[in-house]
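Chemist: Below is the structure I would like to discuss, written out as structure tokens.
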Ligand code: ASP
């Protein structure tokens, strides 16, 4: 009996300490956002802009980015799923949270149950781009060039299960073509190789491609959204749907996550800080310049975010299965 009381006292003390820590959060300790792709790419860019915008609402604390690339985001996501649930380690990931479970076998975490959902940050269109040297100047000519070079074309991606991988697989399925996939740890190194001509094609977020299109370093042929984009630089690009690939649509979204079990008061502080960051005019402006749209709808709340991801899993699983685009 004595032992039981002692155990209860230890548990109560531990709980008290956890509650006190939760009340103090974030204190003066830095918060780390794990980015599951290489530095300098589109997910990294959103995370770094968000980190900057989070600093003030998190009481001036430093927000550090930890790039943990590999396996189309699964390595970084698994690291956060296993991290201490204290609010100091977060994950910023994109649509891979909804597509990895059906694109990759043996995912080392459970999307629905291993995370706390903090909110969706933004939506980002994708663009189909090529290395600079190809003869095509519009989508029709690109399709002709692809057909004329059957079996010779390669397409970069950020690893099995990544957004570029998904987009490339869906594109090949829709056009009944086969290309050689070239995996990278993110689309920052992929676009460098595209510019250098080591790879032929890439489908990637506008947050990565817009500056390179603008600088004339790559050629852009189409966007993956249902409507053309308003961004002056990209407004003349056709949608893949209007270019003949009916219902071809891929829009990337980014969301913020904490490990399962993070205390509710900490989650509330993080969600409040995220919502304040999403209203930061500098953050909004930076995102707009690159074609991203900062979220303002119900998905910025934890419940709305989780429902959205579950809906996205339900939406993408049959599309991925129907397209027969399993990764392995
Ligand atoms: N855009 C990449 C992808 O294809 C990820 C990245 O490097 O941010 O998933």
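In the numbering used here, the protein residues as written are 332 to 659.
Glycine residues also receive a C-beta, built at the ideal position from the N, C-alpha and C atoms.
1) Restricting to Cα atoms, I'd like to know which of 568, 422, 384 is closest to residue 400.
2) Is the CB-CB distance between residue 688 and residue 455 below 8 Å?
3) Would you say the beta carbon of residue 416 comes nearer than 7 Å to a heavy atom of the ligand ZN?
4) Go to residue 550, then tell me how far its beta strand (DSSP E) extends in each direction, as first and last residue.
5) In or out: residue 464 buried (at least 16 other Cβ within 10 Å) or exposed?
6) Between the stretch 469–484 and the stretch 558–565, can you find at least three pairs of beta-carbon atoms closer than 8 Å?
7) Assuming contact is defined by CB atoms lying nearer than 8 Å, are residue 452 and residue 587 in contact in what I supplied?
8) Find out if the Cβ-Cβ distance for the pair residue 544, residue 551 is shorter than 8 Å.
9) List the endpoints of the continuous beta strand (DSSP E) containing residue 493.
10) For residue 444, tell me which candidate among 541, 592, 635 has the shortest Cα-Cα distance.
11) Between the beta-carbon of residue 609 and the beta-carbon of residue 449, is there less than 8 Å?
12) Residue 449 by DSSP, collapsed to three states: which one?
13) Would DSSP call residue 475 helix, strand or coil?
14) For my contact list, residue 369 and residue 520 are in at a C-beta cut-off of 8 Å; report their separation, rounded to the angstrom.
Modeler: So, from the listed chains and residues:
1) 422
2) Coverage of the chain is limited to positions 332 through 659, which leaves residue 688 absent and any answer about it impossible.
3) By its list of ligands, the structure shown excludes the ligand ZN, since it contains just the ligand ASP.
4) 550–554
5) exposed
6) no
7) yes
8) yes
9) Per DSSP, residue 493 belongs to no beta strand (DSSP E) and is neither H nor E.
10) 592
11) no
12) strand
13) helix
14) 6 Å
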